[in-house]
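In the working numbering, the protein residues as written are 4 to 220.
Worksheet: one structure, shown below.
So, in structure tokens, the structure goes:
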């Protein structure tokens, strides 16, 4: 992968304001202002070449780390609002298995199980069997959809769908991620992107790097 040239945003449905901002991109200014991570925000992070590490931080929080940019995303399953939470590069992400409803409700098993606080309880077996994971992210700091300064605003909405599949020929396991960015401030229509990650046998290739303004990763 190479960094697109300044002004190369033909595949992004930018409106006039978005094209104007992208055309004014100045990597030196981003470095000087400490904004090296603008292309590593949630809306673009999984488009940056690199490796992922996914683990459970606690019973209700799935953690996704990237070695490119050394970023961490947290996917919250408890459904509780995070009022007054400041905007960050990775934003605030709410997650649910299988889309709009918990798996036990969709399968006709009598409705979801909740704890004493009213939070959805998802058994380990259900985590493994869910069809896909849907994540909705808000409260993102303004950043870039591409390394060459294509913008998204602080009001952008990111919807992601995570799914796994096996290659019948190599028997490799893959993670497929479809992302939809909606941002009326800079886009004339939602931007849809896809990313694929191959499951590796170990972490020997893990290579944490800092955010870089105009390098591929």
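Note that beta-carbon positions come from the ideal geometry of N, C-alpha and C, so glycine has one too.
Listed as beta-bridge partners of residue 195 by DSSP are 183. Put simply, the backbone Cα of residue 201 is about 31 Å away from that of residue 156. Take residue 166, set aside five residues on each side of it, and the residues of its chain with a beta-carbon closer than 6 Å to its own are 135, 179, in chain order. Residue 62 sits exposed, since fewer than 16 C-beta atoms from the chains shown fall within 10 Å of its C-beta. According to the DSSP assignment, residue 6 belongs to no alpha helix (DSSP H), since it is labelled neither H nor E. With contact defined as three or more Cβ pairs closer than 8 Å, the stretch 27-46 and the stretch 70-78 are in contact. Between residue 144 and residue 90, the gap from beta carbon to beta carbon is short of 9 Å. Taking the C-beta atoms as reference points, residue 49 is found no nearer than 9 Å to residue 159. Counting only runs that start and end inside the stretch 11-88, the beta strand (DSSP E) elements of at least 3 residues fall at 55-61, 64-69, 74-79.
Counting along the chain, the unbroken beta strand (DSSP E) around residue 160 starts and ends at 160-169. Here the alpha carbon of residue 32 sits roughly 42 Å from the alpha carbon of residue 101. As the crow flies, the alpha-carbon of residue 35 is around 24 Å from that of residue 69. DSSP places residue 95 within a strand segment (E or B) once states are collapsed to three. If the five residues before and after residue 169 are omitted, its C-beta is found closer than 8 Å to the C-beta atoms of 175, 176, 177, all from its own chain and listed in chain order. According to the DSSP secondary-structure assignment, residue 136 is paired through a beta bridge with 100, 165.
Looking at the DSSP output, residue 154 bridges to 147. Straight across, the Cα-Cα distance linking residue 97 with residue 150 is about 26 Å. Here residue 52 has 4, 71, 219, 220 as same chain residues with Cβ atoms under 7 Å from its own Cβ, once five neighbours each way along the sequence are excluded.
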